[in-house]
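Let me begin by presenting the structure, written as structure tokens, before commenting on it.
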């Protein structure tokens with residue numbers, strides 16, 4: 001956990017943004033990531049301060065090695 005986070009910070013904090021198609025796809029990716037067991041995931045729910053309703057699932061953060069993250073998100077288009 002903390003060691004992986006430190007390595008990520010020391011190596012430039014690489015981030016890739018991909019676009020999903022629906023909330024159900026976000027849920028499916030979340031399940032897939034949790035089942036994989038080799039990545040950390042965080043599902044963001046909107047606070048409702050804009051036009052997006054409170055509690056809406058908007059972002060799934062997937063953290064791990066390039067290979068592990070790619071197994072989860074590799075089919076998605078870059079955003």
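Residue numbers (UniProt numbering): 1 to 79. Ideal Cβ placement from N, Cα and C applies to all residues, glycine included. It should be emphasised that the depicted structure is a prediction, and the values quoted were computed from it without experimental measurement.
Closest Cα partner of residue 41 within the set 77, 61, 7: 61
Outcome for residue 73 when other beta-carbon atoms lying within 10 angstroms are tallied against a minimum of 16: buried
Residue 11 to residue 17 span [Cα, whole Å]: Using only the alpha carbons, I get a separation of about 18 Å.
Sequence-distant residues of the same chain with beta carbon closer than 7 Å to residue 33, five excluded per side: Apart from sequence neighbours up to five positions away, the residues of its chain that approach residue 33 with a beta-carbon distance below 7 Å are 39, 41, 62, 72, ordered along the chain.
Cβ-based neighbour list, residue 53, same chain, cut-off 8 Å, excluding 5 preceding and 5 following: 46
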